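Notes follow the structure.
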Amino acid sequence: MKKMFKKSVSIVLCIAMVMCACCAGVWADEAVETGKEPVRISNVINGDTASSRGFCWYTKSNTATKVEVFNELGEAVTATVTPADVFEWEGMFVHKATVSGLEAGKAYTYRVGDGEVWSETGSFTTDNQDDKVDFIAIADVQAGNQENFDKGAAVLAKAFEYMPAADFVANLGDFTDDSDNEEWDYYDNSFGAMNLNYTLAPISGNHDGLGVENWFNNMFNLDTTESVQTSDGVNYSFDYGNVHVAVLNTNDILSISIPQLNWLKNDMNGTDKDWKIVFMHKSPYSLGKDAKWPDALYLQESLTRVLDSCNVDLVMSGHDHMYLRTKPLTGNKLNDSGVTYVLAGTAGAKRYEIRSFLADYFLDTDFIGALTVQKDGYGNYWNGTDWNSTKETNIGGCFNTVSIDGGTLTLKSYILGDETQEATQIDEYTVTKTTGQNKATFSGDNTTSETEYNLGIVPSFFGLAAYTFTSWLPRFLAMVPELLYVFITEDTF
Ligand SMILES: [Fe+2]
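Residue numbers (my numbering): 3 to 495.
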């Protein structure tokens, strides 16, 4: 009898355990199967960096939009969470929520979700508004498969080893190659865990915005209040400590429109911060294969005039997958107190060879402060007189760290060697200045109405076309023999 009772209890327990296991499995899978699990989570700069952040994530099903923020003790903090309406995009549901009312200089953790199914916990620290600012910059991961996204993520992970307490990360554009669901999922697989734990300043690249309308703006919760348009990118600005940053959209009329230039001028004249930095995707000064086209070269005329007039210190960009830093320039001439342009190298696996003959037409070699080509089989290191030497350690993905401490800005650039998996420093550059000199000369409304933007489009295209036919084309035609030679010998131009 005792035996029978024991057996019965055992059977009941077994059945109960199997049922529990089944239920647990169903519940565990529920978030994935019902699509409530937040994916592609980003935490970006949105407004005041000392008190707010913009969160964006995707779900497969239409769920609520909630964010919880905790202090260092793990206690929920009273912050204002402003969710936007959920909308469907390419078969997924997009959630955006802005968190404001945070305290300056505080470390926070957070999670996003619908109130029942939550993400993993992420973290960020708000700007403490002192005069020390550290940030990482990468560009052009532009991968199309998981393997290459993993390589790009390894580069960013290495950057965090060199700058673990970075205030933010600037991604200078071309996050993906084709900007579709598959690639953004690859991106999320590779970068997602890291993305939870830093604040991002995203910049729209041509692969993020041109021909793939709205992808960029639908991936990130940026403050679009002052953006001149948002279909192929977003222009915005922010303060961090003693730095003012303007982020440009160089997909705007394939380059930059007059309304966006007007916005930039007002924006930069509206700050009294000690340092003025611009992030954008396309590079006015380069020697890669994309440096021969008028969309980027037009920036040498249209954009630099504004940068010069506003005392911008540093421009960081991407697009032409190599590393090139100019000496300070004003009006396309060397000037010690001018603007330094940094083409930040590619963090990805797609790297460009050098087109040295471009230097005869579009970039005075005297302007080059540092140059590294990251592609094997090409002269890859500028030694001040030529680019014919080769360094194996320069074949890899590039990352940059920028540290600002009062009146000193230090840029350090590195390559994570493909073979060595070790970082090699390829450049170090310091700018010093007397602080307290910048005065704000613009205040007030810096928004651009749709009508104003549309009215600005025709003259913008006219400006680009005029440059293309009168300045670019004659030089381009003159270098056709070199282009043909490259095409014949390298099957690309
Ligand atoms: Fe690009």
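Note that the Cβ used here is the ideal one computed from N, Cα and C, for glycine as well.
Computed from a predicted structure; not experimentally measured.
Residue range of the beta strand (DSSP E) that includes residue i
i, result
"residue 466", "Per DSSP, residue 466 belongs to no beta strand (DSSP E); it is in the alpha helix (DSSP H), 452-469."
"residue 430", "425-434"
"residue 240", "238-242"
"residue 277", "277-281"
"residue 291", "Residue 291 -> no beta strand (DSSP E), and no H or E assigned at all."
"residue 372", "370-374"
"residue 363", "First-last for residue 363: undefined, no H or E at that position."
"residue 248", "245-249"
"residue 416", "410-419"
"residue 170", "170-173"
"residue 82", "82-85"
"residue 100", "94-102"
Proximity winner among the options, relative to residue i (alpha-carbon distances)
i, options, result
"residue 119", "109, 64, 73 and 429", "64"
"residue 105", "129, 248, 122 and 84", "129"
"residue 462", "448, 230, 494 and 488", "230"
"residue 227", "296, 466, 452 and 456", "452"
"residue 252", "207, 41 and 242", "207"
"residue 256", "280, 321, 193 and 46", "321"
"residue 212", "295, 238 and 254", "254"
"residue 121", "71, 136 and 53", "71"
"residue 377", "394, 364 and 387", "394"
"residue 310", "43, 340 and 328", "340"
"residue 293", "372, 360 and 472", "360"
"residue 262", "295, 301 and 296", "301"
"residue 385", "372, 397 and 396", "372"
"residue 433", "420, 416 and 406", "406"
"residue 185", "92, 468, 479 and 332", "92"
"residue 103", "124, 94 and 80", "80"
"residue 470", "431, 356, 243 and 295", "295"
"residue 90", "459, 216, 495 and 145", "216"
"residue 51", "108, 78, 95 and 490", "108"
"residue 477", "365, 387, 145 and 414", "365"
"residue 111", "54, 74 and 298", "74"
"residue 67", "88, 54 and 76", "88"
"residue 145", "69, 417, 399 and 46", "399"
"residue 297", "324, 329, 258 and 325", "258"
"residue 188", "218, 220 and 143", "143"
"residue 166", "138, 46, 280 and 305", "138"
"residue 442", "182, 153 and 272", "272"
"residue 151", "331, 196 and 329", "196"
"residue 456", "245, 260 and 154", "260"
"residue 264", "388, 276 and 248", "248"
"residue 2", "425, 414, 413 and 387", "Since the displayed the chain opens at 3 and closes at 495, residue 2 lies outside it and no answer follows."
"residue 282", "485, 175 and 83", "175"
"residue 280", "458, 314 and 307", "314"
"residue 84", "69, 95, 77 and 94", "69"
"residue 370", "358, 495 and 379", "358"
Alpha helix (DSSP H) segment containing residue i, residue limits
i, result
"residue 403", "Residue 403 -> not in any alpha helix (DSSP H); beta strand (DSSP E) instead, spanning 398-407."
"residue 486", "482-492"
"residue 306", "301-311"
"residue 90", "No alpha helix (DSSP H) contains residue 90, which is instead part of the beta strand (DSSP E) from 89-91."
"residue 270", "260-271"
"residue 197", "183-197"
Every unbroken alpha helix (DSSP H) inside the segment 110-165 [4 residues or more]: Whole alpha helix (DSSP H) segments, 4+ residues: 148-164.
The segment 86-102 contacting the segment 52-65, beta-carbon criterion three pairs below 8 Å: Remark: three or more beta-carbon pairs, one from each stretch, lie closer than 8 Å, so the segment 86-102 and the segment 52-65 are flagged as touching.
At least three beta-carbon pairs within less than 8 Å, the segment 283-294 to the segment 328-348: Contact holds between the segment 283-294 and the segment 328-348, because three or more Cβ pairs, one in each stretch, are under 8 Å apart.
Alpha helix (DSSP H) segments (min. 4 residues) lying fully within the segment 47-76: No alpha helix (DSSP H) of 4 residues or more sits fully in the segment 47-76.
At least 3 beta-carbon pairs within less than 8 Å: the segment 170-177 vs the segment 192-210: As far as the Cβ criterion goes, the segment 170-177 touches the segment 192-210, which means the pair count is three or higher.
Shell residues, 5 Å Cβ cut-off relative to heavy atoms of ligand 1: Taken from the N-terminal end onward, the list reads 176, 207, 208 and 321.
Inside the segment 315-350 only - beta strand (DSSP E) runs reaching at least 3 residues: Listed in chain order, the beta strand (DSSP E) elements of length 3 or more contained wholly in the segment 315-350 are 316-319, 325-328 and 342-346.
Inside the segment 199-236 only - beta strand (DSSP E) runs reaching at least 3 residues: Within the segment 199-236, the complete beta strand (DSSP E) segments at least 3 residues long are 202-204, listed from N- to C-terminus.
The segment 437-456 touching the segment 228-248, judged by at least three CB pairs closer than 8 Å: Counting C-beta pairs with one atom in each stretch, the segment 437-456 and the segment 228-248 have three or more that are closer than 8 Å, which means they touch.
Contact between the segment 188-195 and the segment 265-281 (3+ Cβ pairs under 8 Å): Output reads no: the segment 265-281 does not touch the segment 188-195.
Cβ contact check for the segment 349-359 and the segment 143-162: 3 or more pairs under 8 Å: Segments in contact, yes.
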